[in-house]
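Protein chains: 2
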Amino acid sequence: EKAVVSGIAFQKDQTKISFQGVKDSPGIASSILGPIAAEGIEVDVIIQNISNEGRTDFTFTISSIDRDVVEKICNTQLQDLDFNNLIIDNNVGKVSIVGVGMRSHAGIASRAFQALANNNINISMISTSEIKITLVINIDDVNNAVKVLHHEFELDK
Amino acid sequence: EKAVVSGIAFQKDQTKISFQGVKDSPGIASSILGPIAAEGIEVDVIIQNISNEGRTDFTFTISSIDRDVVEKICNTQLQDLDFNNLIIDNNVGKVSIVGVGMRSHAGIASRAFQALANNNINISMISTSEIKITLVINIDDVNNAVKVLHHEFELDK
Ligand SMILES: C[C@@H](O)[C@H](N)C(=O)O
Ligand SMILES: C[C@@H](O)[C@H](N)C(=O)O
Numbered sequence: 039e040k041a042v043v044s045g046i047a048f049q050k051d052q053t054k055i056s057f058q059g060v061k062d063s064p065g066i067a068s069s070i071l072g073p074i075a076a077e078g079i080e081v082d083v084i085i086q087n088i089s090n091e092g093r094t095d096f097t098f099t100i101s102s103i104d105r106d107v108v109e110k111i112c113n114t115q116l117q118d119l120d121f122n123n124l125i126i127d128n129n130v131g132k133v134s135i136v137g138v139g140m141r142s143h144a145g146i147a148s149r150a151f152q153a154l155a156n157n158n159i160n161i162s163m164i165s166t167s168e169i170k171i172t173l174v175i176n177i178d179d180v181n182n183a184v185k186v187l188h189h190e191f192e193l194d195k
Numbered sequence: 039e040k041a042v043v044s045g046i047a048f049q050k051d052q053t054k055i056s057f058q059g060v061k062d063s064p065g066i067a068s069s070i071l072g073p074i075a076a077e078g079i080e081v082d083v084i085i086q087n088i089s090n091e092g093r094t095d096f097t098f099t100i101s102s103i104d105r106d107v108v109e110k111i112c113n114t115q116l117q118d119l120d121f122n123n124l125i126i127d128n129n130v131g132k133v134s135i136v137g138v139g140m141r142s143h144a145g146i147a148s149r150a151f152q153a154l155a156n157n158n159i160n161i162s163m164i165s166t167s168e169i170k171i172t173l174v175i176n177i178d179d180v181n182n183a184v185k186v187l188h189h190e191f192e193l194d195k
């Protein structure tokens, strides 16, 4: 599968919610997302990495419009959840490299990471699929990141 | 966008590589993936969550066939990388809920998480996109997870 980058998408109106240090046991992910889903909130990226000493971070992004509703759920229905720290951050932007065959080419992801590094843009979260590499970055870096990635993948021709 | 689950995909031949405690600064993601991409290794899921006290975990999955080559890269080209712990785990399976509109419906993800929880299947890693919810789980749980998710999304009719 030859990788072909077809475009760079971005969003600037995102809020990141992270429950840090949740227990890594069955039912935790559903207990966090359940009340949010019940409100019909659109959740974008969901990321959870492997646990360390039985705990892990469960992070997701929502549209900033939904921040107040979700914050209220966190402080009411989720107040009894066992976690170390809750982070709610509005300074979140997202850039995605869209194409086909993205997965089979670590080269595409590696080029994207390198191009951002050369421009001193830090990557806060990473999530990939066959058609997309999604990077959560600081909202102030979004414009520059889009330019850098357009250039790297020669989409500005 | 109405969410429609069209199928459940799974893979059992995956190996998980996790650099725990890497510095959260520009260039780190590229320095890890660069040497692996240079060998033409196909990398599947890449996951990185937000950092905690300036460090985070960078995790990815590869096909188990490539384990030895990647392990050698970790022990040679990546030996000078600043990290706390390297995990290489073969007991890794992957199930994906495939469809359209997945992102806009936290309900789909929440139902999947709940169904797995009800069957005592623990979720080790989570990565989502519009067309797919990818869950990394223990290889021993893959068969049961596929059955449970087929039933939950009425794909077994
Ligand atoms: C942390 C959370 O994902 C947990 N492992 C679960 O299965 O729900
Ligand atoms: C950890 C790694 O992703 C780092 N933040 C980078 O931008 O490369």
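Those protein sequence lines, which keep their order, are chains A and B.
Using the working numbering, you'd call the opening residue of the first sequence number 39 and step up by one each time.
Using the working numbering, you'd call the opening residue of the second sequence number 39 and step up by one each time.
Ideal Cβ placement from N, Cα and C applies to all residues, glycine included.
Remember, predicted model here, so these are calculated numbers, not experimental data.
Item, Value
"Mapping the DSSP letters down to three states, classify residue 79 (chain B) as helix, strand or coil.", "coil"
"If the cut is a Cβ gap below 8 Å, which residues of chain A does residue 95 (chain B) touch?", "87, 88, 90"
"Quick one: is residue 132 (chain B) near chain A, going by C-beta distance under 8 Å?", "no"
"Please compile the residues from chain A whose C-beta is within a distance smaller than 8 Å of the C-beta of residue 110 (chain B).", "Within 8 Å Cβ-Cβ: nothing; residue 110 (chain B) doesn't reach chain A, min ~16 Å."
"Could you tell me the distance, in whole angstroms, from the CA atom of residue 60 (chain A) to the CA atom of residue 97 (chain A)?", "11 Å"
"Specify the secondary structure class of residue 88 (chain B) as computed by DSSP and reduced to three states.", "coil"
"Quick check on residue 113 (chain B): buried or exposed, where buried means 16 or more other Cβ atoms within 10 Å of its Cβ?", "exposed"
"Heavy atom of ligand 2 less than 7 Å from the Cβ of residue 83 (chain B), yes or no?", "no"
"Under three-state DSSP, which class holds residue 58 (chain A)?", "strand"
"Using a Cβ-Cβ distance cut-off of 8 Å, determine whether residue 80 (chain B) contacts chain A.", "yes"
"Taking Cβ-Cβ distances shorter than 7 Å, what residues in chain B pair up with residue 83 (chain A)?", "166"
"Do you know how far the Cα of residue 107 (chain B) is from the Cα of residue 158 (chain A)?", "30 Å"
"Can you check whether the CB of residue 74 (chain A) is closer than 8 Å to the CB of residue 16 (chain A)?", "In this structure chain A extends from 39 to 195, so residue 16 (chain A) is not present and cannot be described."
"Should residue 102 (chain A) be flagged as near chain B, meaning a C-beta pair shorter than 8 Å?", "no"
"Which runs of the alpha helix (DSSP H) spanning at least 4 residues fall entirely within the stretch 119-181 of chain A, listed in chain order?", "144-156"
"Can we say the stretch 149-165 of chain B touches the stretch 181-191 of chain B, given the rule of at least three CB pairs closer than 8 Å?", "yes"
"Looking only at C-alpha atoms, which of B:137, B:144, B:133 sits nearest to residue 178 (chain B)?", "B:133"
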